[in-house]
Amino acid sequence: MDTRQWMSILLCFATALMLFVTFLSYRKRHLQVARTMIFVMLAASCYSLGYAFEILSTGLHGVKLSLQFEYLGIPFVSAFWLLLVIQFTGAAARYRRLLVIMIFVVPIATFFIHLTNDWHHLIYEEYVPNLNAAVPLFNTVKGPWYSIHAVYNYTILLFGILLFIPMYLRSLPIVRKQIIVLILGAAAPMLFNMAYMFSKVIDFTPFGFAVSGVVYAWGIFRFHLLRLTPLAFAKVFDTIRDGVVLLDYENQIINHNRAAEEVFPELGATKSFPAHGKDVLSACPDLLERISAVDSRDERFSFQRYQANRHKHYICSLSFIYDTGMAPIGKMLMFNDITEWMENEARLREKSQKLSQLNAFKDKLFTVVAHDIRDPIALLVSLTELLGEEPTDADIANAEVFQEIKRQVSSTFHLVDNLLDWYRSQNGEVAFRPLAWNLQQVVRQAMSLSGARAGMKQIQMREFVDETLTVSADKEMLDLILRNLLSNAIKFSGMGGTIEIGASLEGDLVRVSVRDNGAGIDEETSKLLRQEELFFKERGFANEGGKTRFGLVLTREFLRIHGGSLQFDSVHGEGTTFIFTLPSSASSGGAINDDGMGAEAHESHIG
1 MDTRQWMSIL LCFATALMLF VTFLSYRKRH LQVARTMIFV MLAASCYSLG
51 YAFEILSTGL HGVKLSLQFE YLGIPFVSAF WLLLVIQFTG AAARYRRLLV
101 IMIFVVPIAT FFIHLTNDWH HLIYEEYVPN LNAAVPLFNT VKGPWYSIHA
151 VYNYTILLFG ILLFIPMYLR SLPIVRKQII VLILGAAAPM LFNMAYMFSK
201 VIDFTPFGFA VSGVVYAWGI FRFHLLRLTP LAFAKVFDTI RDGVVLLDYE
251 NQIINHNRAA EEVFPELGAT KSFPAHGKDV LSACPDLLER ISAVDSRDER
301 FSFQRYQANR HKHYICSLSF IYDTGMAPIG KMLMFNDITE WMENEARLRE
351 KSQKLSQLNA FKDKLFTVVA HDIRDPIALL VSLTELLGEE PTDADIANAE
401 VFQEIKRQVS STFHLVDNLL DWYRSQNGEV AFRPLAWNLQ QVVRQAMSLS
451 GARAGMKQIQ MREFVDETLT VSADKEMLDL ILRNLLSNAI KFSGMGGTIE
501 IGASLEGDLV RVSVRDNGAG IDEETSKLLR QEELFFKERG FANEGGKTRF
551 GLVLTREFLR IHGGSLQFDS VHGEGTTFIF TLPSSASSGG AINDDGMGAE
601 AHESHIG
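Sequence positions in the sequence shown follow the UniProt record's numbering and run 1 to 607.
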């Protein structure tokens with residue numbers, strides 16, 4: 001096998017290798033950099049394959065035809081490589097279209113000039129047969145445009161390397177390796193071409209592209225060359241809202257993002273990197289000490305700085321960066337600004353403290369006011385009762401006015417009493433002590449206390465409670481429940497009305513009903529009761545005045561404390577039945593408390 005044949009085989013192998021890189025790039029064609037790499041490798045493949053044809057050619061016509069095929073790629077390889085560098089580094093994003101036009105002016109001109117070279121000989125002036133060697137078959141005398149294109153190629157290479165230098169200094173290790181791969185891939189053909197320029201023997205430039213193919217394939221598989229470009233790394237790095245500072249194994253700062261400059265303005269004032277942390281962060285000795293003292297474990301800690309007339313608070317995380325061999329090669333320091341969160345927390349804590357103070361003051365104020373109102377009203381109730389026992393002739397004349405005053409004072413007293421009981425229950429001040437009680441005795445006691453008021457309206461109160469029924473209840477709460485329900489029934493019953501109290505045992509619960517034949521509850525009030533409104537008003541029967549039915553709300557709450565419930569059934573103009581449930585003491589087996597009341601009567605007629 002002669003020299004021409006084995007050189008052609010090597011060139012075909014180089015072409016196949018570059019087409020393989022083209023295939024790898026095509027698989028990542030959704031990336032702009034990968035698409036440009038496809039054109040770089042295709043142009044280099046045309047150069048390499050065309051040169052193989054040129055070596056195998058036996059005449060001048062075959063050589064010229066092969067050169068035409070080579071020049072499908074020769075003018076454009078460097079241009080596409082520079083475009084790749086621009087996309088890789090993100091340089092001049094605003095002027096990208098103008099740069100592309102400027103880059104490809106010379107390559108396009110070179111292609112058409114070579115296409116018409118026989119007319120003007122600007123690239124190749126003459127083809128001279130090579131009498132001393134078999135390769136190449138013809139030596140070419142270069143024209144002026146060949147020199148122009150050579151200078152253009154070397155300028156492209158130098159400009160691309162200059163674009164890589166600042167990115168290399170600021171990049172992560174993985175990105176630095178990608179940059180080196182791209183530089184080596186472009187430098188190999190240029191070094192072979194420089195050797196040819198000095199030797200003028202055999203042009204081994206196409207073999208340089210074979211080296212490029214090997215380097216690029218190695219970069220794709222080893223360093224993920226086309227998976228995520230440094231530009232994407234840089235964009236992610238710069239757009240992170242947290243401050244990030246990268247340090248090497250000597251605690252030198254090698255890179256940082258924009259957010260880090262807000263934490264440390266000293267970073268923006270530093271002219272070149274890497275820079276030693278002790279020089280840049282000299283104002284933060286505690287932070288430097290922690291960075292230097294950290295061992296192989298990641299750490300989280302708090303950090304504060306006084307900036308812009310305020311204290312800034314940060315949560316910092318210090319993490320190690322490892323190479324592929326899991327050897328630590330640097331550190332990453334991240335700053336998460338929590339100043340606003342800390343200030344909001346402080347404001348919430350201050351407001352919570354003020355709210356607690358106001359709530360305590362309100363509790364004291366409510367208790368004082370409630371007692372100051374309750375005591376004088378209780379005194380008025382006592383005085384009106386004394387005056388009512390010994391009426392004089394003058395009193396008789398004003399009996400109607402006096403009775404109205406007495407009713408209003410008594411009504412107000414019961415309201416304040418209920419309100420104070422409710423307030424204490426809402427603050428957990430009401431003690432719940434359930435015991436077993438004879439329900440009939442408790443009901444008769446409540447009827448006795450309400451008898452005077454019922455007698456004024458000639459209302460008959462009847463009780464139908466079995467003397468054996470017992471309930472587990474708090475005595476004070478049970479008295480209040482019955483008192484409020486009887487008071488409500490008396491109020492809304494007309495003259496000569498009837499109120500009936502019954503009870504029955506249903507499983508573990510005692511079901512108690514209070515029925516009257518009064519005016520009933522209208523639809524609006526019924527709706528309010530079902531909505532569990534805390535405050536509502538309804539005028540009583542015979543112009544008794546608007547009295548807040550707060551007692552019913554309190555009754556419902558006390559029944560819930562017992563585990564019972566309150567229901568009602570009302571027909572307007574016919575009467576209302578309130579039904580509530582209490583747990584039976586029979587299930588708990590408690591002893592029955594006797595409050596001293598008899599149990600011989602099942603019906604009480606008052607009036």
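We put the beta carbon where it would ideally sit given N, CA and C, even for glycine.
Since this is a predicted model, take the numbers as computed values, not measurements.
{"Check": "Three or more beta-carbon pairs under 8 Å between the segment 69-87 and the segment 44-53, yes or no?", "Outcome": "yes"}
{"Check": "Just tell me which of PHE39, GLY507, ARG483 and SER513 has its CA closest to the CA of GLU463.", "Outcome": "SER513"}
{"Check": "In its own chain, which residues sit with a C-beta less than 7 Å from the C-beta of ARG4, not counting the 5 before and 5 after it?", "Outcome": "ILE55, LEU56, ALA134 and VAL135"}
{"Check": "What first and last residue would you give for the beta strand (DSSP E) that runs through residue 620?", "Outcome": "The shown model of the chain, from 1 to 607, leaves out residue 620, and the question about it has no answer."}
{"Check": "Taking only the alpha-carbon atoms, compute the straight-line gap between GLU350 and LYS28 and give it to the nearest angstrom.", "Outcome": "57 Å"}
{"Check": "What did DSSP end up calling PHE320 once you bin it into helix, strand or coil?", "Outcome": "strand"}
{"Check": "Could you check where the beta strand (DSSP E) with GLY243 kicks off and where it finishes?", "Outcome": "243-248"}
{"Check": "Take the Cβ of HIS311 as the centre, count every other Cβ of all protein chains shown within 10 Å, and call the residue buried at 16 or more, exposed below.", "Outcome": "exposed"}
{"Check": "Considering only residues of the same chain and omitting the five flanking positions on each side of LEU19, which have a CB-CB separation below 6 Å?", "Outcome": "SER45"}
{"Check": "Counting only runs of 4+ residues fully inside the segment 274-355, write out the alpha helix (DSSP H) ranges in chain order.", "Outcome": "277-280 and 285-293"}
{"Check": "Please report the distance separating the alpha-carbon of TYR124 from that of LEU10.", "Outcome": "26 Å"}
{"Check": "Just to confirm my understanding: we take TYR26, look at its own chain, exclude 5 residues before and 5 after, and list those with CB closer than 7 Å. What are they?", "Outcome": "ILE38"}
{"Check": "Quick one: give me the first and last residue of the alpha helix (DSSP H) that GLU262 is part of.", "Outcome": "258-263"}
{"Check": "Please classify MET102 as buried or exposed, where buried requires at least 16 other C-beta atoms within 10 Å of its C-beta.", "Outcome": "exposed"}
{"Check": "Excluding five sequence neighbours on each side, which residues of the same chain lie with their C-beta closer than 7 Å to the C-beta of PHE192?", "Outcome": "PHE204, THR205, PHE207 and GLY208"}
{"Check": "Helix or strand or just coil, what does DSSP make of ARG4?", "Outcome": "helix"}
{"Check": "Would you call the CB atoms of PRO75 and HIS121 closer than 8 Å?", "Outcome": "no"}
{"Check": "Name the two residues that bound the continuous alpha helix (DSSP H) containing ILE501.", "Outcome": "Run containing ILE501: none in the alpha helix (DSSP H); it sits in the beta strand (DSSP E), 498-506."}
{"Check": "Residues in its own chain within less than 8 Å of PHE80 by CB, not counting five upstream and five downstream?", "Outcome": "THR36, PHE39, VAL40 and ALA43"}
{"Check": "On the criterion of 16 or more Cβ atoms from any shown chain inside 10 Å, does ALA186 qualify as buried, or is it exposed?", "Outcome": "buried"}
{"Check": "Which residues bound the beta strand (DSSP E) around ASN139?", "Outcome": "138-142"}
{"Check": "I want to know whether the segment 137-147 touches the segment 243-252 - three or more CB-CB distances under 8 Å.", "Outcome": "no"}
{"Check": "Quick one: grab the DSSP three-state call for PRO129.", "Outcome": "strand"}
{"Check": "Within 10 angstroms of its Cβ, does PHE558 collect 16 or more other Cβ (buried), or is it exposed?", "Outcome": "buried"}
{"Check": "Using alpha carbons as the reference points, say which of ALA195, MET334, TYR127 and HIS313 lies closest to PHE320.", "Outcome": "MET334"}
{"Check": "Based on the DSSP output, what are the partners of residue 636 in its beta bridges?", "Outcome": "It is not possible to answer for residue 636, since the shown part of the chain is limited to 1 through 607."}
{"Check": "Nearest-angstrom Cα distance between ILE329 and ARG97?", "Outcome": "39 Å"}
{"Check": "Of all the options PRO166, ILE113, HIS572 and LEU509, which has the alpha carbon lying nearest to the alpha carbon of LEU582?", "Outcome": "LEU509"}
{"Check": "Assuming contact is defined by CB atoms lying nearer than 8 Å, are ASN484 and THR555 in contact in what I supplied?", "Outcome": "yes"}
{"Check": "Quick one: complete beta strand (DSSP E) runs, 3+ long, within the segment 47-130?", "Outcome": "124-129"}
{"Check": "Could you tell me the alpha carbon to alpha carbon distance between residue 620 and PHE432, rounded to whole angstroms?", "Outcome": "With the chain covering 1 to 607 only, the question about residue 620 has no answer from this structure."}
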